Each structure stands twice: as C-alpha cells, then as structure tokens.
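Some notes on the structure that comes next.
2 protein chains.
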Amino acid sequence: MRSHSCPATSEITPERVFHALSDPVRLEIVRDLARLGAATCAEVTYDRPKSSMSHHFKVLREAGLVHSRGEGVHLINSLRREDLDERFPGLLDAVLGAIGTTDQDAS
Amino acid sequence: MRSHSCPATSEITPERVFHALSDPVRLEIVRDLARLGAATCAEVTYDRPKSSMSHHFKVLREAGLVHSRGEGVHLINSLRREDLDERFPGLLDAVLGAIGTTDQDAS
Chain A
138 MRSHSCPATS EITPERVFHA LSDPVRLEIV RDLARLGAAT CAEVTYDRPK
188 SSMSHHFKVL REAGLVHSRG EGVHLINSLR REDLDERFPG LLDAVLGAIG
238 TTDQDAS
Chain B
138 MRSHSCPATS EITPERVFHA LSDPVRLEIV RDLARLGAAT CAEVTYDRPK
188 SSMSHHFKVL REAGLVHSRG EGVHLINSLR REDLDERFPG LLDAVLGAIG
238 TTDQDAS
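So the protein lines, in turn, are chains A and B. Just so we're on the same page, the working numbering is the position in the first sequence counted from 1, plus 137. Just so we're on the same page, the working numbering is the position in the second sequence counted from 1, plus 137.
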C-alpha cells in the first residue's frame, strides 16, 4: 500500500486550502468525495483528461484537503475530514454547504 | 458618495470567494476588516505598495467579500457579512476562525 505525500495536520494553511478550492473542477471533486466517502480517481473524473485531473488531485493533496492511498493499481481518494475539522473547525462543513447551495441555485 | 462595483449577492460564487482568500495579504485584509468593521485602505495596508493593494481590494470586491464606498477622498471598506451569510451560511465565520487559528499557532 502506497500513500501519497500530504502536509501534516498542523501544517495545513488557510491560503493553500482556499487556493485548492478556487477551481470549479476541484470543487466538484471535493463535493463528490464528500458524497462518496472514498473513490478512485476514475469515479470522480468522468471524461476529463487524465493529466489535468492528476494536477487537480495533486493540488488537493498538497493543500491537505485530500488523502490518496494506492491499493493495487488504483488510487483511493478521500477527504481529510478529521484533520480539517481539527485544524479549522467548521470550515469543511461550511465549504460543502456553499458548494451545495450553488448546485441548488443552478437546478 | 461613490460605490465600487461588486456582484449581487446571488451572483457570488464559491470559487471566486476561495480565489480571493487564497492570498495571505488578502486574508490579512479580511481579518483586519472583521476586526475594525470598516476601514480606509490606508488603515489596513500598512507600508505595502498602493498599486498592489489596489489589486487586492479589487479581487476582494469582485469576489463579493468586500464593499467599498467613496467618502470624499477616502474609500471606506467593509466585509459584506450579511450578504455572505445569506449566500453561504456559516462560511465567513469559519473562514475568520481559520485565520485566527493560524495566528494563534504562529504566536
């Protein structure tokens, strides 16, 4: 089992978290991971180019939002809920609420 | 009295808000405006270059985070607390909490 590098909880910074959330594709990944719990890259990337999605996952991991671990040929991705709640209480829930609100408006 | 353009509450998007919050100088402005309530640019820019700060305020305004109105020769800036709370409940409080947490860690 491989595990991709990501910052320790105490090293997660607000500006990197917000940068990671400043892109609509990455917001979609975050929302889908919140819904699915854990997912392979393929399950949340749909038909988007693999190189582009690799970059987005890298940004999310380096910001401390997403944890990815290798299982066989797959990468299993999940939100770092507990770490984020510990570091910035209430932030992830508010972010997920904000994303959901937008969806409701668009429907 | 002049008022600088900014999006209507319903047009505020998560990705633009998060982009505006992805810079440490803009986070500092947001934190200072939360503390001061309303402030001229000079009161929250310290010794930073005016052109750079004008850009940061423009990004914050265009994202819907900050409202600026001209009074005489001054621009008075404030957070759009009510608009943001209406659009994304709990988000601004969580953001301000995240910024404060980081400060405590650094002290």
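From the three backbone atoms N, C-alpha and C, an ideal C-beta is built for every residue, glycine too. Since the structure is predicted, the reported quantities are computational estimates derived from the model, not experimental observations.
Looking at the secondary structure, which residues open and close the beta strand (DSSP E) in which residue i lies?
{"i": "A:D215", "result": "The sequence shown places Ser at residue 215 of chain A, not Asp. It spans 211-216 - the beta strand (DSSP E) in which A:S215 sits, taken as one unbroken run."}
{"i": "B:R206", "result": "203-208"}
Give me the DSSP bridge partner(s) of residue i.
{"i": "A:A176", "result": "A:N214"}
Could you spell out the range, first to last residue, of the alpha helix (DSSP H) harbouring residue i?
{"i": "B:S191", "result": "187-200"}
{"i": "A:P151", "result": "151-157"}
Leaving out five residues before and five after residue i in sequence, what residues of the same chain have Cβ atoms less than 6 Å from its Cβ?
{"i": "A:L212", "result": "C178, S205"}
{"i": "B:A168", "result": "The residue asked about is misnamed: residue 168 of chain B is Arg in this sequence, not Ala. Answer for B:R168: I236, listed in chain order."}
{"i": "A:L233", "result": "A171"}
{"i": "B:P144", "result": "G201"}
Determine the burial state of residue i: buried for a count of at least 16 other Cβ atoms within 10 Å of its Cβ, exposed for fewer.
{"i": "B:S191", "result": "exposed"}
{"i": "B:S244", "result": "Any answer about B:S244 is weak, because its pLDDT of 38 lies below 50 and its placement is not dependable; what the coordinates show is given next. Exposed: under 16 other Cβ atoms inside 10 Å."}
{"i": "B:V210", "result": "exposed"}
{"i": "B:G201", "result": "buried"}
{"i": "B:A157", "result": "buried"}
{"i": "B:P151", "result": "buried"}
{"i": "B:R198", "result": "buried"}
{"i": "B:A175", "result": "exposed"}
{"i": "B:D184", "result": "exposed"}
Can you give me the Cβ contacts of residue i inside the same chain, cut-off strictly under 8 Å, excluding the 5 residues immediately before and after it?
{"i": "A:Q241", "result": "Only weak support is given to the placement of A:Q241: the predicted model assigns it a pLDDT of 43, under 50, and the value that follows is read from those uncertain coordinates. Around A:Q241: no qualifying Cβ."}
{"i": "B:R218", "result": "L229"}
{"i": "B:R224", "result": "T146, S147, I149, G201"}
{"i": "A:H193", "result": "D160, V162, R163, I166"}
{"i": "A:L173", "result": "E180, V181"}
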